[in-house]
Every structure is written in C-alpha cells, then in structure tokens.
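Number of protein chains: 2
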Amino acid sequence: MNEIHYRPIGIIHSPFTEPQGTPIQPASGRGVKGTVELFPAYVGGLLDIEGFSHLILLYHFHRSTSFSLRACPYLDDTPHGVFAIRSPRRPNPIGLSVVRLVSVDDNILHVQDLDIIDGTPLLDIKPFVPAFDAADEIRIGWLEGRIKHLSRKTA
Amino acid sequence: MNEIHYRPIGIIHSPFTEPQGTPIQPASGRGVKGTVELFPAYVGGLLDIEGFSHLILLYHFHRSTSFSLRACPYLDDTPHGVFAIRSPRRPNPIGLSVVRLVSVDDNILHVQDLDIIDGTPLLDIKPFVPAFDAADEIRIGWLEGRIKHLSRKTA
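Chain order of the listed sequences is A and B.
Each residue of the first sequence is one higher than the last, beginning at 52 in my numbering.
Each residue of the second sequence is one higher than the last, beginning at 52 in my numbering.
Below you can see the structure in the form of structure tokens.
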C-alpha cells in the first residue's frame with residue numbers, strides 16, 4: 052500500500068532535551084510547562100480553541116528510528132506487543148498526549164502536563180472531548196496494578 | 052521542514068461505505084461492529100492486547116483530499132478553527148477513535164463503537180488507558196450544551 056505523507060505543522064518546546072528524564076506520560080509530567088509553536092500559516096485554525104481545557108497533541112517521535120514488535124515498557128519487566136504498550140518505537144512512530152491548555156498567544160499555545168521531548172514535530176491538534184475520547188467499563192490489561200507507579204515516572 | 056512518511060499497517064472494515072451516514076464519533080456509533088485487519092507482518096505486536104477493553108485507533112482520513120482552517124462542524128452552525136473541531140479536513144488528515152475491543156482472532160481485531168469509513172488505512176493502535184488519556188477539570192468550549200445532540204448523529 053502507498054506511503055502516506057504528512058508535514059509538521061509546528062514544533063513542541065519542552066524542558067526535556069533528551070529521552071532520559073522525560074516523563075513517560077502526561078500524568079507523570081503533571082505541572083510541566085511547555086509551548087506548542089504552530090507555524091504561522093496555520094494560526095487561523097486556532098479560532099475558539101481557548102474554550103477547551105485540554106488538547107490532544109499528535110506528534111512524530113522524531114528520535115525513534117526503528118521499531119520492535121515486542122518490548123518491555125517502563126511499567127513492567129516482561130515484554131508486551133507494541134500495540135499493547137505506548138513505546139515510541141512503533142511501526143508508525145506517532146505520539147499522542149492529552150495536555151492542559153493554559154493560554155493562547157497568537158501562534159503559541161502555552162500548555163502543561165508535558166511528556167514530550169523538546170523539538171518534537173507537531174502533526175495535529177484536536178480538542179479533547181470526554182464524550183468522544185473517554186469510555187466506561189474499562190480494563191487495562193497488564194497495566195492493572197502498575198499505574199500506581201506512574202507518578203513522576205521518567206524515562 | 053521535511054516530510055514525514057508513514058505506511059498503513061492494516062485496514063479498518065466497517066458497515067459505512069460512504070461518508071454520508073457514517074457516525075460522527077464513536078459515541079454516535081455505539082454498538083456498530085467492525086474489524087481491524089492488521090497486516091500479517093505486524094501480528095506479533097498484538098501480544099497481550101486482549102487485556103484492554105478499549106483501543107485508540109489512529110488512521111488516515113483517506114477520503115480527505117484538502118483542508119480548511121475554519122469550518123462548521125456537524126454539531127454547530129458557526130465556523131470554528133480546524134484545531135477546535137474534529138473534521139477530517141485537517142492539514143494532516145489523521146483520525147483518532149477510541150473503540151471497544153471485543154475479541155482478537157489472529158490478525159483480526161473485532162471492535163465496536165465504530166465511526167470510521169470502510170477501507171480506512173490504519174496507522175497505529177494504542178491501548179486506551181484512562182490514567183494516560185483522560186483528564187479532570189475539563190472545559191469543552193463551543194461544544195458545551197451541544198453534546199446532547201451526539202447520540203446516533205451521522206454525517
């Protein structure tokens with residue numbers, strides 16, 4: 052099947068310049084501040100975004116140069132399939148984080164709860180809407196009982 | 052900045068062959084059944100996925116051939132920025148749906164709550180984990196008061 056081509060629409064800026072020490076999820080990066088710099092050509096797309104408290108950022112794991120179908124995630128010591136973990140080393144290295152929107156300043160979004168490395172190329176921004184993106188009767192497989200170790204967990 | 056290249060890792064099969072009539076979100080596709088066909092090369096990545104009740108599907112809006120920075124979403128009659136709505140007509144047309152995983156049969160995932168058109172190229176599967184992907188103290192901007200119209204809403 053054909054390749055799919057995307058272009059970065061901006062850059063994510065954070066205090067984390069290396070994978071080592073970067074929070075493994077927004078929950079472990081609680082309070083961490085950063086900015087999303089949207090390239091000026093796209094600024095018109097931000098109309099009314101300030102009404103949303105949380106945004107879904109989709110981005111390219113640019114430091115991920117290969118993938119593994121099975122790997123040990125940070126929160127476990129046995130390997131799981133790549134589609135059952137959130138490792139950046141994925142067939143298509145697309146990252147997803149739900150971050151808190153603090154303020155909007157022209158093409159700069161000030162955000163919190165960042166678990167993203169500085170300089171990461173931004174692919175998309177979507178409004179986070181619980182009625183769309185949350186679910187009930189949830190089971191979390193191998194992560195059950197391990198979530199409690201998440202707080203402040205870094206790579 | 053350089054182009055980013057991805058490859059489909061599978062195909063999403065659903066009862067919806069045209070955008071017209073496709074639910075606008077998983078919540079309005081509640082109970083709709085479909086399958087995610089993962090290409091055989093990636094089947095090793097499914098290890099332990101059956102422990103998760105819900106999956107995040109990332110996919111390519113293959114019917115979206117252009118984008119608009121501002122548009123009227125289905126749930127409103129005034130235009131909003133593309134990053135404040137979930138329209139497929141995005142600068143990078145990446146779709147995101149949280150679906151219910153019913154069963155796994157080799158490289159076929161049987162899922163429910165589909166709002167995705169038949170034949171859509173799959174980019175990634177991630178386990179849905181509320182501690183990672185949900186948030187509290189949420190505001191939903193222009194959608195406030197409009198969510199109640201979501202049930203069974205189709206394009």
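Here a beta-carbon is modelled for each residue, glycine too, at the ideal position from N, C-alpha and C.
The three-state secondary structure of G192 of chain B, taken from DSSP, is helix. Excluding sequence positions up to five before and after V94 of chain B, its CB lies within less than 7 angstroms of the CB of D157 and N158, all in the same chain and listed in chain order.
D166 of chain A counts as buried, since at least 16 other C-beta atoms from the protein chains shown sit within 10 angstroms of its C-beta. Apart from sequence neighbours up to five positions away, the residues of its chain that approach S138 of chain A with a beta-carbon distance below 7 angstroms are A122 and P124, ordered along the chain. Only those residues of the stretch 173-189 of chain B whose C-beta falls short of 8 angstroms from the nearest C-beta of chain A are listed: L174, D175, I176, K177, P178, F179, V180, P181, A182, F183, D184, A185, A186, E188 and I189.
Partner residues in the beta bridge of Q163 of chain B, as assigned by DSSP, are B:K84 and B:R151. Going by beta carbons, F90 of chain B and P178 of chain B fall outside the 8 angstroms limit.
One alpha carbon belongs to E54 of chain B, the other to S115 of chain B, and they sit about 18 angstroms apart.
Taking a C-beta distance under 8 angstroms as the contact criterion, D175 of chain A and S65 of chain A do not qualify as a contact pair.
Taking a beta-carbon distance threshold of 8 angstroms, V149 of chain A counts as an interface residue toward chain B. Ranking A:I191, A:V180 and A:K84 by CA distance to the CA of P181 of chain B puts A:I191 first. Annotation for D175 of chain A: the continuous beta strand (DSSP E) segment containing it runs T171 to P178.
Between V150 of chain A and V162 of chain A, the C-beta spacing is below 8 angstroms. DSSP places P74 of chain B in the strand class (E or B) of the three-state scheme.
With contacts defined by Cβ atoms closer than 8 angstroms, G82 of chain B and D164 of chain B form a contacting pair.
Per DSSP, G102 of chain A is not a residue of any beta strand (DSSP E), being assigned neither H nor E. The beta carbon of P142 of chain A sits closer than 6 angstroms to those of F118, all from its chain and outside the five residues before and after it, given in chain order. Excluding five sequence positions before and after L120 of chain B, the CB atoms of its chain that fall closer than 6 angstroms to its own CB belong to V133, given in chain order. Rounded to whole angstroms, the Cβ separation of P144 of chain A and H111 of chain A is 6 angstroms, and the two are in contact under 8 angstroms.
Going by DSSP, P181 of chain A is part of the alpha helix (DSSP H) stretching over P181 to D184. Neighbours of G192 of chain A across chain B, judged by C-beta separation under 8 angstroms: D99, I100, E101, G102, F103 and P178. Under the three-state reduction of DSSP, I60 of chain B is assigned to coil, being neither helix nor strand.
Secondary structure of Y125 of chain A (DSSP, three-state): coil.
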